[in-house]
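Below you'll find the structure, written out as structure tokens, and then a few comments.
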Amino acid sequence: KVHDPAAAGAKEWSLSLLGELDQAIQNGQIWVAYQPKLDLKTRTFLGAEALVRWTHVSRGPISPAEFVEIADKHGRIGKITAFVLNEAAHLVKDARQWQPGFTISVNISPSQLTSRDIIDMVKTVLI
201 KVHDPAAAGA KEWSLSLLGE LDQAIQNGQI WVAYQPKLDL KTRTFLGAEA
251 LVRWTHVSRG PISPAEFVEI ADKHGRIGKI TAFVLNEAAH LVKDARQWQP
301 GFTISVNISP SQLTSRDIID MVKTVLI
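Read the sequence shown against my numbering and you will find it ends at 327, with the numbers running on by one and no gaps.
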């Protein structure tokens, strides 16, 4: 086997991100962007898709493809999902004041779909 310094660096990068993830959620570095869903015929907003984002203090924007995968592999995806669900629920509550049928889509990791935790998370947010 040949040593690959780039692969070693990638592992350190992953572990570093994982170590900072919980604090990033608490400090507001992880946030939710909303991709609007529009009815082009009526030109009205139907809803949005919630998209998790991370703006690291020193590294800048980190791709969701990087930190979501790391969180999923290391059992931290539930914290991200709970955060996004909570944020999306607050937006829906506010948005329905001006658009009663407004909906939000939230992406769920396939690994969470096999767990009862996701049902409890959704129930908690909806209550």
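Cβ coordinates follow ideal geometry from the N, Cα and C atoms, glycine included.
Cβ-Cβ separation, residue j to residue i (assumed contact under 8 Å), whole Å
i       : j       : result
Gln-229 : Ala-248 : Not really, about 21 Å apart at Cβ, beyond 8 Å.
Leu-217 : Ile-270 : 6 Å
Straight-line gap, residue i to residue j (C-alpha atoms, nearest Å)
i       : j       : result
Asp-204 : Ile-308 : Unreliable positioning characterises Asp-204 in this predicted model, as indicated by a pLDDT of 40, which lies under 50. A coordinate reading is not provided.
Gln-223 : Val-284 : 15 Å
Ala-295 : Gly-219 : 35 Å
Pro-310 : Gln-299 : 31 Å
Thr-324 : Gln-226 : 19 Å
Gln-297 : Leu-291 : 10 Å
Val-268 : Arg-243 : 33 Å
Arg-259 : Glu-266 : 13 Å
Contact under 8 Å by Cβ, residue i with residue j
i       : j       : result
Ile-277 : Val-252 : no
Glu-287 : Val-232 : yes
Pro-264 : Thr-255 : no
Nearest neighbour of residue i, chosen from the options [CA to CA]
i       : options                               : result
Leu-221 : Pro-310, Val-257, Ala-250 and Asp-239 : Val-257
Leu-326 : Asn-227, Thr-303, Lys-241 and Thr-242 : Thr-303
Gly-275 : Ser-315, Phe-245 and Ala-250          : Ser-315
Gly-301 : Leu-240, Lys-241 and Phe-245          : Phe-245
Ile-319 : Ala-250, Ala-282, Lys-241 and Thr-242 : Ala-282
Distance cut-off 7 Å: residue i Cβ against heavy atoms of the ligand ATP
i       : result
Arg-316 : Of ligands this structure carries none, so the ligand ATP is not represented either.
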